[in-house]
Amino acid sequence: MQFFSTPMYSYDLLEYENTRLNNLMIPTDIDECMENRPLPCSQHCLNMVGGYRCSCEPGFRARGPRCYDLNECLQDVCRSAQRCQNTRGSYRCIDLCLPGMVLADNGTCVDIDECSLGTHECKYNQVCENMSGGYRCACPRGLHTQDIDGPCLDVDECSLEVTCQHECRNTFGSFHCTCPIGYRLLGNGETCEDINECTEQSVQCGTNRMCFNMRGTYKCIDTPCPAGYQRDVRSGFCLKTCLSNEVECSLRPFALEYKLVALPSGVAANQDLVRLVAYTQDDVMHPRTSFFTVQNDTGMPFGLRDDTGKGVIFTTRQLLEPRIYALRVRAQSYADDSSVEYQTTFVVYISISTYPY
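Okay, structure coming up:
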């Protein structure tokens, strides 16, 4: 609320009296402001020699001896967003509030929270959301309405572009992704991760068997060491224990190594899968080694090539069929005179998952 004053306006009324001059008599002024009844001025009267003057308080204008209220609102004294209210001797500017707003005690416009007051007109299961100067009726997350005044209906997010890696299950107002048995859902809520049952469940397969963790499951694989071999505790290899001067012993491979490879479905052709390395008795990679397959089923989707002393198993076609393959690879390492110095046998188990993850 603002109060303003206005300039003072005055009106002079001089009354002159004829004074009789008698010989030695002195003329005497009459105080009209005190002696006249009724008072000559409506507000302030100022006596003067031979007359008097009328004046008005701020906010009034003199018209003759009378004072009249000055309507300041006619002079556009308030801002455009305010309403001018004339008062006696002054005026005040009142803020205009937009719809949905109310004038507070401090003279400012504040929002009306229709949602809290319950004055909204939201229907069914719509949610009232307060806004400055109003409100809106909205549907909870995961719901939508087919028309403005209609109820909120469930959105089937699974029919939209959701990014579940395996399967999407719609729920009322939401959805969630699921994974096949043997997988867990990662923290992003979309991606599936294989569960390593062998380590997490501490699977004990028994003597001469290995726990083969595959995508979505596991299997205990037979990994026996043949007669004349003993399993090395550190590496897990089957190492030859027979006497080297025996003819039959000298013809046997130096070591037998089992390898387990778990792959998702859909691995493309010409993709390298495993690198095989043959080591000497001193646990050093033998630089002159050739690799070739032995006793393998025909039609396997795998190939083998030498690569700077290593053997590389690669795909020859896309892997689509869920199954387990067993490849047997022989590595021959040669001495400087090209004679066979070491032989190593690799048994490689390759599993293909039902799922591409």
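Residue numbers (the working numbering): 23 to 379.
Just so you know, even glycine gets a beta-carbon here, dropped at the ideal spot from N, CA and C.
{"query": "Rounded separation between Ile374 and His166 - CA only", "result": "43 Å"}
{"query": "Met153 burial status per 10 Å Cβ neighbour count (16 or more: buried)", "result": "exposed"}
{"query": "Assigned exposure category for Ile203 - 16 Cβ within 10 Å defines buried", "result": "exposed"}
{"query": "Beta-carbon proximity list for Arg253, same chain, < 6 Å, skipping 5 on both sides", "result": "Cys247, Cys260"}
{"query": "Per-residue burial, Asn235 [other beta carbons within 10 Å of its own, 16 or more giving buried]", "result": "buried"}
{"query": "Beta-carbon proximity list for Ile335, same chain, < 6 Å, skipping 5 on both sides", "result": "Leu295, Val296, Phe324, Leu326"}
{"query": "Cutoff 6 Å; reference Val164; Cβ partners in own chain excluding five residues on either side", "result": "For the record, residue 164 in the displayed sequence is Gly; it is not Val. Closer than 6 Å at the Cβ level, and outside the excluded window around Gly164, lie Val177, Gly195, Ser196."}
{"query": "Residue span of the beta strand (DSSP E) that contains Ser138, given as start and end", "result": "Note, Ser138: premise wrong, no beta strand (DSSP E); alpha helix (DSSP H) at 136-139."}
{"query": "7 Å Cβ shell around Thr366 - same chain, five flanking residues per side excluded", "result": "Pro275, Phe276, Ala277, Glu279, Ala300, Ala353"}
{"query": "Contact check, Ala290 vs Thr338, beta carbons under 8 Å", "result": "no"}
{"query": "Ordered list of beta strand (DSSP E) runs contained in the stretch 200-285, each at least 3 residues", "result": "205-207, 214-216, 231-236, 239-244, 251-253, 260-262, 277-285"}
{"query": "Other residues of its chain near Val316: CB distance less than 6 Å, five sequence neighbours each side excluded", "result": "Arg350, Arg352"}
{"query": "Inter-residue spacing [alpha-carbon to alpha-carbon] between Cys76 and Arg83", "result": "11 Å"}
{"query": "Host beta strand (DSSP E) of Glu363 (start-end)", "result": "362-374"}
{"query": "Limits of the alpha helix (DSSP H) - the one that Met56 falls within", "result": "54-57"}
{"query": "Of the residues Glu222, Cys233, Arg231, Arg237, the one placed nearest Glu404, counting alpha carbons only", "result": "Given that the chain is displayed from residue 23 to residue 379, the structure contains no residue 404 and the question cannot be resolved."}
{"query": "Closer than 7 Å: Met322 CB and nearest the ligand NAP heavy atom", "result": "This structure simply doesn't include the ligand NAP, nor any ligand for that matter."}
{"query": "Collapsed DSSP secondary structure at Leu125 in the structure displayed", "result": "strand"}
{"query": "Residue range of the beta strand (DSSP E) that includes Leu326", "result": "324-329"}
{"query": "Assumed close pair Gln97, Cys78 - CB separation to whole angstroms, cut-off 8 Å", "result": "Incorrect: roughly 17 Å between the Cβ atoms, too far for contact."}
{"query": "Counted within 10 angstroms of its Cβ, other Cβ atoms place Gly384 as buried (16 or more) or exposed", "result": "Within the shown structure, residues of the chain are numbered from 23 to 379, placing residue 384 beyond reach of any answer."}
{"query": "Asn192 vs Glu179 beta-carbon contact at 8 Å", "result": "yes"}
{"query": "Thr50, enclosing beta strand (DSSP E) - first and last residue", "result": "It is not in any beta strand (DSSP E) - Thr50 carries neither H nor E in the DSSP assignment."}
{"query": "Cβ shell of Gly156 (< 6 Å), same chain only, five flanking positions each side left out", "result": "Gly122"}
{"query": "Straight-line gap, Thr213 to Leu285 (C-alpha atoms, nearest Å)", "result": "17 Å"}
{"query": "Residue from Ser112, Arg88, Ser102 whose Cα sits closest to the Cα of Glu94", "result": "Ser112"}
{"query": "Identified DSSP bridge partners for Glu151", "result": "Arg158"}
{"query": "Residue nearest to Asp169 in terms of C-alpha spacing, selected from Gln187, Gln148, Glu189", "result": "Gln148"}
{"query": "For Ser5, three-class secondary structure by DSSP", "result": "Examination of residue 5 is not possible in this model, given that the chain is present from 23 through 379 alone."}
{"query": "Beta strand (DSSP E) runs contained entirely in the stretch 60-96, provided each spans 3 or more residues", "result": "66-70, 73-77, 82-85, 88-91"}
{"query": "Glu343 - DSSP class collapsed to helix/strand/coil", "result": "coil"}
{"query": "Option nearest Glu343 by Cα separation, candidates Tyr364, Ile372, Gly331", "result": "Ile372"}
{"query": "Simplified DSSP state of Glu189, which is helix, strand or coil", "result": "strand"}
{"query": "For Ser181 and Ile346, the rounded distance between their alpha carbons", "result": "35 Å"}
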